[in-house]
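Asker: Below you will find the structure I want to go over with you.
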Amino acid sequence: MPPQSLHHRRTHNLLLITRLLSLRDGVSPFTLLLDSLSQSARPLLREYIRRQQSGTRIIFISFETVVAPEGVSVFIRARGKELVSLQREIGGAVGGSGSNRLSPQPSQ
């Protein structure tokens, strides 16, 4: 890839991330971050957590992560759970139930 094209792509990606992080109103409250071995979502996740407004809760639904990232309000382990059970747990977390707060329960 020519250097100019690479520079353009990096600039575009930076602008896109900045725009996503600065959106406040009229945006879906759910953001899906996918990562791979070649590109981690950890830096973007840290930036989301850093920029959260006071009173904003971050619900982290994990299929692989074992330890809750710092700054996360609710950590839900989703691996191996039935869809209905997971839906109920997420609904409880979104509804404000504090019972899921960083629960150390093993995956079922």
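The sequence shown lines up with residues 1 to 108 when you count with full-length UniProt numbering. Ideal placement from N, C-alpha and C gives every residue a C-beta, glycine not left out.
#1: Quick one, which of Ser62, Ser22, Ala41, Val72 has its alpha-carbon nearest threonine 56's?
#2: Which word fits phenylalanine 63, buried or exposed, when buried means at least 16 other C-beta atoms lie within 10 angstroms of its C-beta?
#3: Using 8 Å as the threshold, is the C-beta distance between isoleucine 49 and proline 69 below it?
#4: For leucine 58, which three-state DSSP category applies?
#5: Report the rounded CA-to-CA distance for glutamate 82 versus serine 40, giving the unit in angstroms.
Answerer: In terms of the structure at hand:
#1: Val72
#2: exposed
#3: yes
#4: The sequence given here has isoleucine at residue 58, not leucine. Residue state, collapsed to three classes: coil.
#5: 27 Å
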